[in-house]
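For the protein sequence lines, the chains are R, D, E and B, in the order given. First residue of the first sequence: 1, per the UniProt record's numbering; consecutive thereafter. First residue of the second sequence: 1, per the UniProt record's numbering; consecutive thereafter. First residue of the third sequence: 1, per the UniProt record's numbering; consecutive thereafter. First residue of the fourth sequence: 1, per the UniProt record's numbering; consecutive thereafter. Even for Gly, the Cβ is constructed at its ideal location relative to N, Cα and C. As the structure is a prediction and not an experimental result, all values here were calculated from the model. Written out below as structure tokens is the structure these notes cover.
There are 4 protein chains.
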Amino acid sequence: MAGRRGAPRSEAARVAILDATAALFAERGYDHLSIEGIAARAGVGKQTVYRWWSGKSALIADCLLEGMLLPGTLDFPDTGDLRADMTSWLKTAEGIIESPTGVGLFRSLIAAATENEDVGRRLRESLADPRLFASRLREARESGDLRADLPIEDVSETIIGALVFRALARTPSDPGYAERLVDLVLGPAAS
Amino acid sequence: MAGRRGAPRSEAARVAILDATAALFAERGYDHLSIEGIAARAGVGKQTVYRWWSGKSALIADCLLEGMLLPGTLDFPDTGDLRADMTSWLKTAEGIIESPTGVGLFRSLIAAATENEDVGRRLRESLADPRLFASRLREARESGDLRADLPIEDVSETIIGALVFRALARTPSDPGYAERLVDLVLGPAAS
Amino acid sequence: MAGRRGAPRSEAARVAILDATAALFAERGYDHLSIEGIAARAGVGKQTVYRWWSGKSALIADCLLEGMLLPGTLDFPDTGDLRADMTSWLKTAEGIIESPTGVGLFRSLIAAATENEDVGRRLRESLADPRLFASRLREARESGDLRADLPIEDVSETIIGALVFRALARTPSDPGYAERLVDLVLGPAAS
Amino acid sequence: MAGRRGAPRSEAARVAILDATAALFAERGYDHLSIEGIAARAGVGKQTVYRWWSGKSALIADCLLEGMLLPGTLDFPDTGDLRADMTSWLKTAEGIIESPTGVGLFRSLIAAATENEDVGRRLRESLADPRLFASRLREARESGDLRADLPIEDVSETIIGALVFRALARTPSDPGYAERLVDLVLGPAAS
DNA sequence: TGTTAAGCGAGACGGTACGTCTGGTCTTACT
DNA sequence: AGTAAGACCAGACGTACCGTCTCGCTTAACA
Chain R
1 MAGRRGAPRS
11 EAARVAILDA
21 TAALFAERGY
31 DHLSIEGIAA
41 RAGVGKQTVY
51 RWWSGKSALI
61 ADCLLEGMLL
71 PGTLDFPDTG
81 DLRADMTSWL
91 KTAEGIIESP
101 TGVGLFRSLI
111 AAATENEDVG
121 RRLRESLADP
131 RLFASRLREA
141 RESGDLRADL
151 PIEDVSETII
161 GALVFRALAR
171 TPSDPGYAER
181 LVDLVLGPAA
191 S
Chain D
1 MAGRRGAPRS
11 EAARVAILDA
21 TAALFAERGY
31 DHLSIEGIAA
41 RAGVGKQTVY
51 RWWSGKSALI
61 ADCLLEGMLL
71 PGTLDFPDTG
81 DLRADMTSWL
91 KTAEGIIESP
101 TGVGLFRSLI
111 AAATENEDVG
121 RRLRESLADP
131 RLFASRLREA
141 RESGDLRADL
151 PIEDVSETII
161 GALVFRALAR
171 TPSDPGYAER
181 LVDLVLGPAA
191 S
Chain E
1 MAGRRGAPRS
11 EAARVAILDA
21 TAALFAERGY
31 DHLSIEGIAA
41 RAGVGKQTVY
51 RWWSGKSALI
61 ADCLLEGMLL
71 PGTLDFPDTG
81 DLRADMTSWL
91 KTAEGIIESP
101 TGVGLFRSLI
111 AAATENEDVG
121 RRLRESLADP
131 RLFASRLREA
141 RESGDLRADL
151 PIEDVSETII
161 GALVFRALAR
171 TPSDPGYAER
181 LVDLVLGPAA
191 S
Chain B
1 MAGRRGAPRS
11 EAARVAILDA
21 TAALFAERGY
31 DHLSIEGIAA
41 RAGVGKQTVY
51 RWWSGKSALI
61 ADCLLEGMLL
71 PGTLDFPDTG
81 DLRADMTSWL
91 KTAEGIIESP
101 TGVGLFRSLI
111 AAATENEDVG
121 RRLRESLADP
131 RLFASRLREA
141 RESGDLRADL
151 PIEDVSETII
161 GALVFRALAR
171 TPSDPGYAER
181 LVDLVLGPAA
191 S
């Protein structure tokens, strides 16, 4: 059996650090985050941060895991009409991404994913979240509303990828985009 | 008329700076770039950099404009079979992106786009490059090989977006992916 | 000829740093000095300190050279009676060394000399200062008041050494000490 | 009656700590000593050090008390000729102090004395050690070889003080010094 | 043909943050 | 209760770059 000695890790410190990270990330964005700032805001020594995380990207990865960064407002609607629900979800997402705070958060997450593979992987895993559209697509395919060979995961990935790229490329807002993207990835609507 | 006085801008310095930027970007990635390092490598005073560029992201934007960052090997093949050409182009792109240097460069570009809107916009503009698939898609649509209402620009954007997201999310390599993505954005192949 | 380039060293910064060093040294002693504290007090970046000095001991050495640390109140009296003058100088010195601030400064200088050979050497050089007793001893020897073979420099060194050692060893104050030390190093007084 | 409870102080820990202190002091000098380093080398928790000593200077004071720092090779020779013995002892001492390790140890002791009054006092007490010259001087005075009023303790203190100051001031080695110092403090040799 | 304004390489400046190290305190589990 | 271990808050260390600001020099266009 193990039986480690020494004081156990302080949960209070862990939480204070993640809270401070999430707060500063939201306030100032990924690249104005500093470990010193986080430690100061959390009321913690810098060493306590470095003891448990390798740097700011790892902190962001953990915040992500705890759901402290992504707003919970992206639940998928359910009116029975998959294409309509998807379009409406996309318009909501576009709205968030185009808001000043939303785009900062979004680009900051991209920057963090750039530096840290855990952040990337966790973003990927969150695609499977049932609150997102993946599970709904799966149902639709099983009930015959979508062609049987539709690769669900590719669809999720492609939609998010398109949003990511548009945010990076500063593609201007376009009212018809959501419908076109749905048509593109699900195939044209049956007449 | 104006007629400025004093020495004109040194072309040698401009080129040396962009060369140094491209070299260091390739060697060490976007976030280990430093203006001091660039100036030193270019044999130039820091002020000469700051006189003409606002920071490292602007330098990258300029390098991009001069084609010093993207490898020229991504020309679109032309065998007459659009789907096959597109699949093969995608496989080549995947190969580059999965190589150790390629993925670094790719992610670094994403990071740069995160910080600087010009970088983003120039990445977007390069989608229209005739060496890429956009012009080929246009031809195919006009010759009736693709459905008439296919939104070409969305297709380009979506494909690149998918690649970007897979690079960020560290999605593992998958042999069948190119074909599936082509089917997804062009619609299933006619039998 | 050479012709250095770049901005010249800032005299204002140099002086501010030495002033801050001397002030903090007097306030808090050698081993509570910190480069950060000095830089902050001087209103200067840390790098400006490190650019010109290797560490705090080198700063002290320079302060010493500029006479910013030693009080100027140790001038040797001159009543015509060398032994009496010397005794009286020694009593004054003892008084300073036994005062709370004096002993701190004295021990701090010793600590600095411990770490940095320049500090040591400059302390040594200051023995030759004509305001101290060395030059007076020389006159006395030449005028026949002291034996001709008396090694003046050894005398100075020995007297200071005795004071140093008593300060280190916390030898308690002793009213008759000054006279005894004078007798010891000059030989017993003629009857 | 009292009857303390709990485990008694561990002698093994005490010895391990002092050994580690002495070893690290000799290896790296006083100001590279760290409590953490000592505790690690001794295989002991930091708290066990802090429980019994107030800091590194107190550790040095204790090592000194146990004779773990000063080499035992400074016994005073006895050829019957006091001046010759003293000169020869001084030359030996000079040799040690001028050796690379000796001077480091000597200056480290001075630095420790600077910080901690116990260290100072113990250095002072060690002057009375019969292996040093004080007891020999006393005998000589009693047997009439030295003038009756010679202040023995001042002599010891002055000699050591001179050596201390020469070490601090980096006075260069000088072949005739030992003889001159003996003449200085004992008075010129009788013809 | 000077004068003069801009560009240039160099590098010092006041700063921020880095990641590491140590100080001293405190909290565990073990003996 | 004392110990080995080690986490904690605090803060200095010396380094790397930031973006700005002189320097002394060079290079044209103006005068």
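Residue interval of the alpha helix (DSSP H) (run including residue i)
i        : result
D:Val164 : 152-168
B:Asp30  : Reading off the sequence shown, one finds Tyr at residue 30 of chain B, where the question assumed Asp. First-last for B:Tyr30: undefined, no H or E at that position.
E:Thr171 : Note, E:Thr171: premise wrong, no alpha helix (DSSP H); not H, not E.
E:Pro8   : No alpha helix (DSSP H) holds E:Pro8; DSSP gives it neither H nor E.
B:Met68  : Counting along the chain, B:Met68 falls outside any alpha helix (DSSP H), and DSSP gives it neither H nor E.
R:Ala178 : 177-186
B:Ser49  : The question names Ser, but residue 49 of chain B is Val in the sequence shown. Looking at the DSSP string, the run of the alpha helix (DSSP H) that includes B:Val49 is 46-52.
Residue i CB to nearest heavy atom of the ligand MN below 7 Å
i       : result
D:Ala93 : This structure simply doesn't include the ligand MN, nor any ligand for that matter.
Inset, instruction - Compile a chain-ordered list of the residues in the region 105-131 of chain D whose CB is closer than 8 Å to at least one CB of chain R. - result: Flagged, chain order: Arg107, Ser108, Ile110, Ala111, Ala113, Thr114, Glu115, Glu117, Gly120, Arg121, Leu123, Arg124.
Legend entry - Members of the region 12-29 of chain E near chain B, C-beta cut-off 8 Å: Correct list: empty, as no residue qualifies.
Legend entry - Contact list for the region 158-172 of chain D against chain R, Cβ threshold 8 Å: Identification of residues in the region 158-172 of chain D having a C-beta nearer than 8 Å to some C-beta of chain R yields Thr158, Ile160, Gly161, Ala162, Leu163, Val164, Phe165, Arg166, Leu168, Ala169, Arg170, Thr171, given in sequence order.
Legend entry - Complete beta strand (DSSP E) runs within the region 74-154 of chain D (minimum length 3 residues, chain order): Listed in chain order, there is nothing to give.
Legend entry - Inter-stretch contact at 8 Å, needing at least 3 Cβ pairs: the region 126-140 of chain E / the region 82-98 of chain E: Yes: at least three Cβ pairs fall under 8 Å.
Inset, instruction - Take every Cβ of the region 25-37 of chain R, pair it with every Cβ of the region 52-67 of chain R, and state whether three or more of those distances are shorter than 8 Å. - result: With the cut-off at 8 Å, the region 25-37 of chain R and the region 52-67 of chain R touch.
Legend entry - Members of the region 76-90 of chain B that neighbour chain E once the beta carbon cut-off is set at 8 Å: Going along the region 76-90 of chain B in chain order, one finds no residue with a Cβ nearer than 8 Å to chain E.
Legend entry - Segment contact flag, the region 31-38 of chain B with the region 176-189 of chain E, C-beta cutoff 8 Å, min 3 pairs: No: fewer than three Cβ pairs fall under 8 Å.
Inset, instruction - Evaluate the contact criterion for the region 161-171 of chain E versus the region 116-135 of chain B: three or more CB pairs, one atom per stretch, below 8 Å. - result: Taking a contact to require three or more Cβ pairs closer than 8 Å, the region 161-171 of chain E and the region 116-135 of chain B qualify as touching.
Legend entry - Inter-stretch contact at 8 Å, needing at least 3 Cβ pairs: the region 89-99 of chain E / the region 145-154 of chain B: Not touching, per the Cβ criterion.
Legend entry - Three or more C-beta pairs below 8 Å linking the region 99-110 of chain E and the region 40-53 of chain E: Contact fails: fewer than three Cβ-Cβ distances are below 8 Å.
Legend entry - Interface residues of the region 26-52 of chain E facing chain B [CB-CB below 9 Å]: Listed by position, the residues of the region 26-52 of chain E near chain B (Cβ gap below 9 Å) are Tyr30, Asp31.
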